[in-house]
Amino acid sequence: MKKYLKSASVLLLILVMTFTMVACKKPPMVTQAEIDKAVEEGEAEGEITFTYSPAATSADYKQAADKFVTAFEQKYTNVTVERDYTATSDNRIASADIGDVFYFAETQTYKYAVQDSALLPLDGFMTKFGINQSDVYSGIYALGLVNGRLYFVPRDYNQIVLIYNKSAITEAGLSSEIKPEWTWEEFQSICEQLYDPEGDYYPLNLNLTYSPVYVPFFEAYASRDAWCNTTDKRITFIDENGDILRAIGEALDMARKYYVMIPSVNESAEDIVGREYIFKTDVYPTIQGVGKQFDNRNIDWDIINMPLFQNPSFGCGASGVGVFARTQNVTAAAALALFFLTPEGQRAFNSGTGGSVPLLKSLDDEGYDAWKYPDDPAWSGKNWDAFVYMADTASTPGQVNCRMPIDVAEAIEADIRNIFTRDLAGTESYQDGFRELETRCNEIWSLLTV
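Below, the structure is given as structure tokens:
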């Protein structure tokens, strides 16, 4: 009897181990040869899964995702998309429990593409699916590039703008000065005119520790690749002419004179505490909440693009999607991801309250305005064009994580607030702070193998 029980136990153990191995077996990684074959002769057909976590957080986001998937299935009638509206996570990716196409923030692109080898390059499919790259705002397309290959597809376009208290501007008699073509020098003058040590306002809330805000300041007087050279793998803050940090220095000078509040840096300054901003850096997804706050207080407000530097530069960003490197349906998955770069996909995704600013020039040229609150009499007249002003020529990838290896980017993100704080406190100049940061970044980069 014991012999039979022992045999049964061994058999059960073997069955459990076999089931576990089968259950845990991951699909194989897609090879470059398989990608090439899909580009050359693959057909968009079969079943794929779309993991889109924002849809689980609100009905509006779910509506946007549903409209997008429906429009895709109407175009690609041989593809069926399973909608997985649950969260993306590193564990799901590592265990291959993620959709063929999955959602993530642009800041994760380098990690997923290079460090985790979890994404497929999609640039080879652009022509196959009729994607017009020149129609996509240049800065937002560049977000998804790693080593010249496209791994991340943005779902929308977000550009840093200024929301402002229009009532205060009108009262100050400066309405005619607020215009799209205003320069950084003119804006500094406006802030100086608005500053009143006895008044209720301070001129500007400038989130200068936020990467999409501070990156354009590095590019204001220097070329775009001057501070971050990915070819030579080098960060430069201290250049011979001081061009890279010149705009940063000008902003800190304004903060010293209390024209500017930098969150988490000098908000406790005596001439700022208890006062309200007139201008504030913002992005489209949060404008609705800020605008309603103004409305509730019967304060007139509007939006304007950031002032133009010598080299106009507006930090942009977006979340979006990529194709899982273990997908079993490369062609259909690539078609779904890249559908975000088509007019049909952008209209579908951005046609409701869960959408955002379209990323295609052609839609702006044709007057597509679903994202501009066309049915709201009070809001339809706002300057929504600020969100795409010079987007084709002046947009620049805002997140440092999208410009360099994560370890280097994290060093910048970790110290930039401290550099500003020490400068305004008079304990260390911003030049010395950035000089030390430059050395540290380049030491980190020189040791990286990927």
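Throughout the sequence shown, residue numbering follows mature numbering (1 follows the signal peptide of the UniProt record, and there is no 0), covering -22 to -1, 1 to 428 in sequence.
Glycine included, every Cβ here is placed at the ideal spot set by N, Cα and C.
Asked: Measuring CB to CB, does Gln41 end up less than 8 Å from Gly330?; Found: yes
Asked: Suppose the cutoff is 6 Å on Cβ atoms and the five residues either side in sequence are ignored; what does the same chain contact list for residue 447 look like?; Found: Outside the shown range of the chain, which is -22 to 428, sits residue 447, and nothing can be said about it.
Asked: In the DSSP output, what is Leu123 paired with across the bridge?; Found: Leu128
Asked: Would DSSP call Gln137 helix, strand or coil?; Found: strand
Asked: According to DSSP, simplified to helix, strand and coil, what is Trp423?; Found: helix
Asked: Are the CB atoms of Arg395 and Val243 nearer to each other than 8 Å?; Found: yes
Asked: Three Cβ pairs or more, each shorter than 8 Å: is that satisfied between the segment 352 to 359 and the segment 119 to 130?; Found: no
Asked: Just to confirm, is the Cβ distance from Gly227 to Tyr408 under 8 Å?; Found: yes
Asked: Mind checking which residues open and close the alpha helix (DSSP H) that includes Glu60?; Found: Unbroken run through Glu60 is the beta strand (DSSP E), Val57 to Asp62; no alpha helix (DSSP H).
Asked: Between the Cα of Ala315 and the Cα atoms of Thr27, Lys3 and Tyr179, which residue gives the shortest distance?; Found: Thr27
Asked: Going along the chain, which residues of its own chain have a beta-carbon closer than 8 Å to the beta-carbon of Gly51, five neighbours each way excluded?; Found: Before going further, note that residue 51 is Glu rather than Gly in the sequence given. Val57, Thr58 and Val59, listed in sequence order.
Asked: For Thr259 versus Val191, is the C-beta spacing smaller than 8 Å?; Found: yes
Asked: Residues in the same chain with beta-carbon distance under 8 Å from Tyr179, minus the five sequence neighbours each way, listed in chain order, please.; Found: Asn143, Ala146, Leu172, Arg253, Glu254, Tyr255 and Ile256
Asked: Between the alpha carbons of residue 429 and Asp370, how many angstroms are there, rounded?; Found: Here the chain comprises residues numbered -22 to 428, so residue 429 is not present and cannot be evaluated.
Asked: How would you label Arg381, buried or exposed, when you count the other beta carbons within 10 angstroms and need 16 or more for buried?; Found: buried
Asked: Do the segment 70 to 87 and the segment 28 to 37 touch if we need at least three Cβ pairs shorter than 8 Å?; Found: yes
Asked: Counting along the chain, where does the beta strand (DSSP E) carrying Glu19 start and finish?; Found: That residue, Glu19, is in no beta strand (DSSP E); its alpha helix (DSSP H) goes Gln10 to Glu19.
Asked: For Thr427, count neighbouring Cβ atoms within 10 angstroms of its own Cβ and tell me buried if that reaches 16, exposed if not.; Found: exposed
Asked: Starting from Tyr180 and walking both ways along the beta strand (DSSP E), at which residues does that stretch end?; Found: Tyr179 to Asn183
Asked: Could you tell me which uninterrupted beta strand (DSSP E) segments, each at least 3 residues in length, are contained entirely in the segment 64 to 130, listed from first to last along the chain?; Found: 79 to 83
Asked: Could you check if Pro175 is buried or exposed, using at least 16 other CB atoms within 10 Å of its CB as the buried criterion?; Found: exposed
Asked: For a test of the three-state rule: what should DSSP assign to Leu338, helix, strand or coil?; Found: strand
Asked: Taking 8 Å as the threshold (C-beta atoms), are Leu338 and Ala233 in contact?; Found: no
Asked: Is the number of C-beta pairs between the segment 157 to 167 and the segment 278 to 291 that are closer than 8 Å three or more?; Found: yes
Asked: So the alpha helix (DSSP H) Asp370 belongs to, where does it begin and stop?; Found: Ala369 to Ala372
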